[in-house]
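Engineer: Residue numbering for the sequence shown follows this note's numbering, starting at 2 and increasing by one per position.
The structure follows.
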Amino acid sequence: MGDLSSLEASIPGVSDAVIQLDMPIIGISSSQIRRLTAEGLSVRYLVPDEVREYIAEQKLYGGPAHGI
2 MGDLSSLEAS IPGVSDAVIQ LDMPIIGISS SQIRRLTAEG LSVRYLVPDE VREYIAEQKL
62 YGGPAHGI
């Protein structure tokens with residue numbers, strides 16, 4: 002995680018709105034999500050269910066909804 006004190010120095014009060022989480026870093030990019038969706042492949046477990054549902058409902062990225 003980045004240095005919150007440096008951010009606080011640049012933007013006073015920001016630390017009140019930040020929640021730090023200790024979790025593993027996973028190598029997923031938005032480009033990968035768009036590509037998988039466009040190819041009709043599932044992005045389950047790569048994005049939250051709500052995001053996956055929104056992508057399908059809005060027919061984003063031109064992919065068939067069945068793979069999502």
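Ideal placement from N, C-alpha and C gives every residue a C-beta, glycine not left out.
Would you please state the rounded distance, in angstroms, between the beta carbons of Ile26 and Val48? I believe it to be under 8 Å.
Structural biologist: Not really, about 16 Å apart at Cβ, beyond 8 Å.
Engineer: Tell me the rounded alpha-carbon separation between Gln59 and Leu37.
Structural biologist: 16 Å
Engineer: Under the assumption that Tyr55 contacts Ala39 (Cβ atoms under 8 Å), give the Cβ distance between them as a whole number of angstroms.
Structural biologist: Not confirmed; about 16 Å, so no contact.
Engineer: By the 10 Å Cβ neighbour count, where 16 or more other Cβ atoms means buried, how is Val44 classified, buried or exposed?
Structural biologist: buried
Engineer: What residue range does the alpha helix (DSSP H) around Glu9 cover?
Structural biologist: Leu5 to Ser11
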